[in-house]
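Report on one structure; see the data block that follows.
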Amino acid sequence: MIFRLFSKKTFLDAEIEAWLLDGYGWLMRNLGGMERIAASPLATPSRDFFPPTEAKGKALGAHIFDCVRDGMGMRDWYVVLEPFKRAPSLAGLSYGTFESGGAAGTFEWDGNKVIIRYAEDLVAQPHQLVATFAHELSHYLTGSVTEQMPGGEEAHELLTDLCVAYAGFGVFGANAAFHFEQFGDAQSQGWSSQRSGYLSERSWAFALAVFIALKGLPADAADRWLKDGLVRQVRDASKYLAASQALLDPLRAIP
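Taken in order, the sequence shown gives residues 215 to 469; the numbers are from this note's numbering.
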């Protein structure tokens, strides 16, 4: 690995942390270095990135998709967008826990055509939908890179998640990484949890903190948009990076 950690105490497991930094290096060498980081805004769930619309259903999904690819600089990249139905996640569940499954989105090449599909129920969960679109577009963004990725093909989905943070959508990826809630009605009661993406929540916090540091933003730049449990993690990661400047020097050297 290119990166060597300079402190015995690391924010993440040392091997994971080194891989994430190597992954950032791979993305910046192949998709654009500090120039692209500088040009990529930190996307937030605000009107600046997601203008209000009266659209609903499939039309709302398309509106959100266009906002995401605008933010990723991919407006002119041709994509066929298709919704699909998932089975109801809590049907028949009573007094227990449930971990939802099923793909939130898919990416597919069909000849010269790219098809991105998304679970239509996510239109009611726009934060999750944005994270899904950013992940699937990251497949498209990295699809033509020929340099072997850190960790090989087994790390493909992890690196695709990391590309979401690199492209400025780390707030959405981090918030969507894990969702937990209690539910109940006259017939059923329990708790549901949902994981989205492949990076752990703490890895997302680190990836987002790297993006914030490379852009030279304040450490609290994302605070108001993050779930409560993530604010402290991103702040801690930012503090760790500020005290370990040498970790980011190789990235800052990529033009």
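All C-beta atoms, glycine included, are put in the ideal place defined by N, C-alpha and C. Fair warning: this is a prediction, and the values are worked out from it, not measured in the lab.
Exercise. Alpha carbon to alpha carbon, how far is PRO469 from PHE425?
Worked result: Numbered from 1 along the sequence shown, position 255 holds the residue referred to as residue 469. Numbered from 1 along the sequence shown, position 211 holds the residue referred to as residue 425. The straight-line gap from Cα to Cα measures roughly 15 Å.
Problem set entry | Where GLN342 falls, given that 16 or more other Cβ within 10 Å makes a residue buried | Position 128 of the sequence shown holds residue 342. GLN342 should be labelled buried.
Problem set entry | Residue environment, HIS353, which counts as buried when at least 16 other CB atoms sit within 10 Å | Residue numbering aside, residue 353 sits at position 139 when the sequence shown is read from its first letter. Label assigned to HIS353: buried.
Exercise. My guess is that ALA433 and ARG449 are in contact by the Cβ rule of under 8 Å, so how many angstroms apart are they, rounded?
Worked result: Position 219 of the sequence shown, counted from the first residue, corresponds to residue 433. Position 235 of the sequence shown, counted from the first residue, corresponds to residue 449. The C-beta separation of ALA433 from ARG449 comes to about 6 Å, placing the pair in contact by the 8 Å criterion.
Exercise. CB-CB under 8 Å to ASN244, same chain, minus the five flanking residues each way: which ones, in chain order?
Worked result: Here residue 244 refers to the residue found at position 30 when the sequence shown is read from its first residue. Closer than 8 Å at Cβ, skipping near neighbours: THR356, VAL359 and GLU361.
Exercise. Comparing the C-beta of PHE225 with each C-beta of chain C, is any distance below 8 Å?
Worked result: Looking for chain C here will not work: only one protein chain is present.
Exercise. Leaving out five residues before and five after PHE413 in sequence, what residues of the same chain have Cβ atoms less than 8 Å from its Cβ?
Worked result: Looking up residue 413 in the sequence shown gives position 199. The residue you asked about is not Phe; residue 413 is Leu in the sequence shown. Excluding positions up to five away in sequence, the list reads LEU372, ASP375, LEU376, GLY387, ALA391 and ALA421.
Exercise. DSSP three-state call for PRO464: helix, strand or coil?
Worked result: Your numbering for residue 464 matches position 250 in the sequence shown. PRO464 falls in the helix class under three-state DSSP.
For this session: From the DSSP output, in three-state form, read off ALA457 for me.
Result: Here residue 457 is taken as the residue at index 243 of the sequence shown, counted from 1. Residue state, collapsed to three classes: coil.
Problem set entry | Own chain, CB closer than 8 Å to ILE251, minus 5 neighbours either side, in chain order | Position 37 of the sequence shown, counting from 1, holds the residue named residue 251. Excluding positions up to five away in sequence, the list reads MET242, TYR380, PHE425, LEU428 and LYS429.
Exercise. Given a threshold of 16 other Cβ atoms within 10 Å of its Cβ, counted over all protein chains shown, does ARG289 qualify as buried or as exposed?
Worked result: Taking the first residue of the sequence shown as 1, we reach residue 289 at position 75. Counting Cβ neighbours within 10 Å, ARG289 comes out exposed, since fewer than 16 surround it.
For this session: Note the first and the last residue of the continuous alpha helix (DSSP H) segment covering ARG416.
Result: On the sequence shown, residue 416 is found 202 positions in, with the first residue counted as 1. Per DSSP, ARG416 belongs to the alpha helix (DSSP H) from 415 to 429.
For this session: Could you tell me how far apart the beta carbons of ALA333 and ALA318 are, in whole angstroms, since I believe they sit closer than 8 Å?
Result: Counted from its first residue, the sequence shown places residue 333 at position 119. Counted from its first residue, the sequence shown places residue 318 at position 104. Indeed, because the Cβ distance is near 5 Å, the residues count as touching under 8 Å.
Exercise. Where does PHE383 fall in DSSP's three states?
Worked result: By 1-based counting over the sequence shown, the position of residue 383 is 169. Coil, per DSSP.
Exercise. Excluding five sequence neighbours on each side, which residues of the same chain lie with their C-beta closer than 8 Å to the C-beta of LYS470?
Worked result: No information on residue 470 is available, as it lies outside the stretch 215 to 469 that the chain covers here.
Problem set entry | When TRP439, GLY382, LEU455 and ALA451 are compared against PRO255, the one with the closest alpha-carbon | Residue numbering aside, residue 255 sits at position 41 when the sequence shown is read from its first letter. Of the candidates TRP439, GLY382, LEU455 and ALA451, GLY382 places its Cα closest to the Cα of PRO255.
Exercise. Between HIS277 and the rest of its own chain, which residues show a CB-CB distance below 7 Å, the 5 nearest in sequence each way excluded?
Worked result: In the sequence shown, residue 277 corresponds to position 63, counting from 1. Excluding sequence neighbours, HIS277 sits near THR267 and ALA269.
For this session: Could you name the residues of the same chain whose beta carbon sits closer than 7 Å to that of LYS272, not counting the 5 residues immediately before and after it, in chain order?
Result: As a position in the sequence shown, residue 272 is number 58, starting the count at 1. Closer than 7 Å at the Cβ level, and outside the excluded window around LYS272, lie PRO297.
Exercise. Closest to ALA369 by CA distance: which of ASP236, PHE225, VAL282 and PHE321 is it?
Worked result: Your numbering for residue 369 matches position 155 in the sequence shown. Taking only the C-alpha atoms, the option nearest ALA369 is ASP236.
Exercise. Is DSSP giving GLN279 helix, strand or coil here?
Worked result: As a working mapping, residue 279 is identified with position 65 in the sequence shown. It is worth fixing the name first, because residue 279 is Phe in this sequence and not Gln. Note: PHE279 maps to helix in three-state DSSP.
Exercise. At what residues does the beta strand (DSSP E) containing PHE321 begin and finish?
Worked result: Walking along the sequence shown from the start, residue 321 turns up at place 107. Where PHE321 is concerned, the enclosing beta strand (DSSP E) stretches over 319 to 324.
Exercise. What number of angstroms, rounded off, separates the C-alpha of LEU431 from the C-alpha of ALA253?
Worked result: Here residue 431 refers to the residue found at position 217 of the sequence shown. Here residue 253 refers to the residue found at position 39 of the sequence shown. Distance between the alpha carbons of LEU431 and ALA253: 13 Å.
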